[in-house]
Amino acid sequence: MKKTTISSLIGLLLSAPVFAATTSIYADNVVVTASRIPEARTNVIGDFSVISRQDIERAGQSTLAELLQTQPGVEIESNGGIGSLSNIRLRGTNIQSVVVLIDGMRVSSAANGLTNFSQVVLDQIDRIEILRGAASSLYGSDAIGGVIQIFTKQGAQGNRVSATAGYGSNDTKQASANLSGAVNDTRYSLGVASVESNGISALKVRTGLDSDRDSFRNMSFNGSITQKIADGHEVGLQLFTNEGHINLDGNNFPAYQNNKQQIIAINSQNKLTDFWLSNLKFGESIDTANAVGSYGVSDTRSKQRQIYWQNQFTLPVGKLLLAYDRVEDIVKSTTKYSVNDRTNNGYVASYQVNNDQHAFNLALREDNNSQFGSHTTGNIKYAFSFADFWRISGSYGTAFRAPTFNDLYWPYQDYGSWGSFEGNSQLKPETSRNKEIALAYDQGHHRLSATIFENEIKNLIVGSQGLFNDSPINIGNATILGLTVAYEGWFSNFHLRANADFQDPSNDDVPGKILARRSKEHGAIWLGQSWGDWEIGSEVIASGMRFNDADNQIKLAGYTLVNMTAKYKINSDWALNARLNNLLDKDYALASYASVYSPTDPAFNTIGTNLFVSLTYSPSF
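Now the structure itself:
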């Protein structure tokens, strides 16, 4: 990029009143995603989780999907082993009903609404925040189930260097390096990571399908630079990119897919007065998929151009947030969509107050979508601290989700014995009403919460959640009633974390039927112990039975996984980590091709017992 271009961009940013939370470094007791402004976790009204960098290192997970499936409200769907499409459901909603952000930028594909978590390397992540429940009043379309925000590593005072290399089962190799710090008024961060694996075959059964292992490789890079212009004023540039290749099972035909994800954004943040903070951020996220297989070659490139302008006002009583955001979706593909672009403009107003025992939050948002018109969403929350460390809260919120381009405009394609698929241009947006009540205890070393929720979804889109289902349709009503219980505690050298979800994801149009690929119960427990230079952890993840299809004919059996972790601190600079997954070699499936029309089609495979060992160098200066 030419120097004059950079100067012009910086000049444009400085010409607007701006401040942002997205490029700052926050302590683990500060939450950003729940209200779009930083607040103490004890003040947050809502059901949320924070995964710190320390949590990531302590758990020793080798993939982001493995980490997320241990969190409350999260269910994983995977189309094979490492590198295969891994996505999540949050509180039993559709996999497209979760807003996924990386440093404040939307990253889900504009074509299909999916986020491939397999391509995001854990070593590039500083922290993750998960907000459960309707959040369209702050984040617009798709936030019916909630929001997941990933914060990458950022620069701070003091130079930091780290490098990790690891090897594991299925010839899995991983290496990463990070450099961050500050020079005078300039903060910077650079990170690079590489993952390779021979993988496993995606399909459990070989019926004329390519039976080789589905190897995977991925390269990723993240970088940021922030320049302080004056006290309270700075500009920053952010870049995140990954590029992967995975071999696929095909019909006696070599098949593969190349994926690329890229985010570039420019941010300016300014403190205009003692009570006015403002932020302007603009950029774009790009998702590219090139697939070669039995049915030919497919190239899809989706782009989301994004602008966020956020203003935070500290009032004599409470805080006021006024924000505007614009997202332009553009899809270019060898698949000829009848419509390939749309724009959404959102206007947000939020007010929150914390006063002694009482806390209150009100948020309203107006979205103007070029395809589906105006949608007004809101959220009202109240919390009462009735005793030391104890609080009860309640909330009511509305949300909506616009259908994806694949849902609407995918042209008719015949897949032989696996049926056909075609978009449905008559689809209506999903809308929801979410009610919840929660009891929480937070004493610092012990945190306990119990949340009861009911999410009523109108015009739920079904039929497109499997790979080759019939055309997607709206069903009239669905209700997801659930209870989430979570606990985290520290006992001397022990650390315990446990959660359980109980839910009834009902298809109200067909009494007695539950929504596909949702279990009625799932949970996780993790116990870690440290002594001397050693940290040992054990983990159990369990899920009940699910149905793979809307007719509730094809069962996916429940499962229990046992995992182990170990960390040995060799000295102040070096550490050795090991993770043993699926210790009992449980054979299970998270998704399947099978349907009532083809019940013998194979399920997607999952990895049996596997070991990953890594060595980390992180010197202290």
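Residues in the sequence shown are numbered consecutively from 24, following our numbering.
Here a beta-carbon is modelled for each residue, glycine too, at the ideal position from N, C-alpha and C.
Is it right to say F428 is buried, meaning 16 or more other beta carbons lie within 10 angstroms of its own, or is it exposed? Burial is judged here by how many other beta carbons sit within 10 angstroms of a residue's own beta carbon; F428 has at least 16 and is buried.
Excluding the 5 residues flanking I419 on each side, which residues of the same chain have their C-beta closer than 6 Å to its C-beta? The identity of residue 419 in the sequence shown is Tyr, whereas the question assumes Ile. Taken in chain order, the residues that qualify are I403, K458.
Within the continuous beta strand (DSSP E) that includes F428, where are the two ends? It is not in any beta strand (DSSP E) - F428 instead sits in the alpha helix (DSSP H) that spans 428-432.
Rounded to a whole number of angstroms, what is the C-alpha to C-alpha distance between S203 and I248? Looking at the two C-alpha atoms, the distance is approximately 10 Å.
Which one of G446, F412, R388 has the shortest CA to CA distance from A422? The option with the nearest alpha carbon to A422 is R388.
For F383, I'd like the list of residues in its chain whose CB is within less than 6 Å of its CB, leaving aside the five on either flank, ordered along the chain. V376, Y405, listed in sequence order.
On the three-pair Cβ rule with 8 Å, is the segment 175-188 touching the segment 103-121? The answer is no - the segment 103-121 does not touch the segment 175-188, with fewer than three Cβ pairs under 8 Å.
In the DSSP output, which residue or residues are listed as bridge partners for G369? Per DSSP, the beta bridge partners of G369 are D348, D390.
Nearest CA to the CA of A312: which residue from A598, N282, N302? For A312, the closest of A598, N282, N302 by C-alpha to C-alpha distance is N282.
Considering only the beta carbon of each residue, do R414 and S393 sit closer than 7 Å? Their beta carbons are not under 7 Å apart, which means R414 does not touch S393 by this criterion.
Hey, would you say D165 sits closer than 7 Å to S120, going by beta carbons? It is a contact, given that the beta carbons lie within the stated cut-off.
In chain order, which alpha helix (DSSP H) runs of at least 4 residues are fully inside the segment 83-164? Within the segment 83-164, the complete alpha helix (DSSP H) segments of 4 residues or longer fall at 87-91, 159-162, listed in chain order.
Please classify N594 as buried or exposed, where buried requires at least 16 neighbouring CB atoms within 10 angstroms. Under this definition N594 is an exposed residue.
Leaving aside the five residues before and after I330 along the sequence, list all residues of the same chain whose C-beta is less than 7 Å from its C-beta, in chain order. Excluding residues within five positions, the ones whose Cβ falls inside 7 Å are F305, D348, R349.
To the nearest angstrom, how far is it from the Cα of I33 to the Cα of G106? Note that I33 scores a pLDDT of 33, beneath 50, so its modelled location is shaky; the value from the coordinates is reported in the next line. If you take the alpha carbons of I33 and G106, they lie about 38 Å apart.
Is DSSP giving T588 helix, strand or coil here? Assignment of T588 by DSSP, reduced to helix, strand and coil, places it in the strand class.
Under three-state DSSP, which class holds Q552? Strand.
Which residue wins for smallest C-alpha separation from P416, given the options E100, A425, T138, V67? The residue you asked about is not Pro; residue 416 is Ser in the sequence shown. Looking at the Cα atoms, V67 is the closest of the given residues.
DSSP has P642 in a bridge; who is on the other side? None; P642 has no bridge partner.
Please identify the residue among Y616, D610, S494, T623 whose C-alpha is closest to the C-alpha of T632. Nearest C-alpha to T632: D610.
By DSSP, does N66 sit in helix, in strand, or in coil? For N66, the three-state secondary structure derived from DSSP is helix.
Quick one: what does DSSP say E80 is sitting in, helix, strand or coil? DSSP, reduced to helix, strand and coil, places E80 within a helical segment of the structure shown.
Please go through the same chain and pick out, in chain order, the residues whose beta-carbon is closer than 6 Å to the beta-carbon of L506, but skip the five residues on each side of it. I475, F525, listed in sequence order.
Put S58 into one of helix, strand or coil per three-state DSSP. Of the three classes helix, strand and coil, the one that applies to S58 here is coil, per DSSP.
How long is the line joining the alpha carbons of T45 and G546, rounded to whole angstroms? Its pLDDT being 37, under 50, T45 is placed unreliably in this model, and the value from its coordinates should be taken loosely. Their backbone Cα atoms lie some 31 Å apart in a straight line.
How is the beta strand (DSSP E) around I577 delimited, first residue to last? No beta strand (DSSP E) holds I577; DSSP gives it neither H nor E.
Would you mind stating whether D532 and G499 have Cβ atoms separated by less than 7 Å? Yes. Within cutoff.
Contact check, V123 vs I74 under 8 Å by CB: the rounded distance? The Cβ separation is near 14 Å, so there is no contact.
Specify, as a first and last residue, the run of the beta strand (DSSP E) that H518 falls within. Going by DSSP, H518 is part of the beta strand (DSSP E) stretching over 517-530.
7 Å Cβ cutoff met for Q142 and N241: With a cutoff of 7 Å on beta-carbon distance, Q142 and N241 are scored as near each other.
How is L213 classed by DSSP in three states: helix, strand or coil? Looking at L213 - three-state DSSP - the assignment turns out to be strand.
Less than 7 Å between the C-beta atoms of V354 and S325, yes or no? Closer than 7 Å, so yes.
Give the C-beta separation of I125 and I286 to the nearest angstrom, bearing in mind that I take them to be a contact with Cβ-Cβ under 8 Å. Contact holds; Cβ gap of about 6 Å.
From G259 to Q250, what does the alpha carbon distance come to, in whole angstroms? Going by C-alpha positions, G259 is about 6 Å away from Q250.
So, helix, strand or coil for K355, using DSSP? In the structure shown, K355 sits in a strand (DSSP, three-state: E or B).
Regarding I252 and the ligand HEM, is the C-beta to nearest heavy atom distance less than 6 Å? This structure lacks the ligand HEM, and indeed carries no ligand of any kind.
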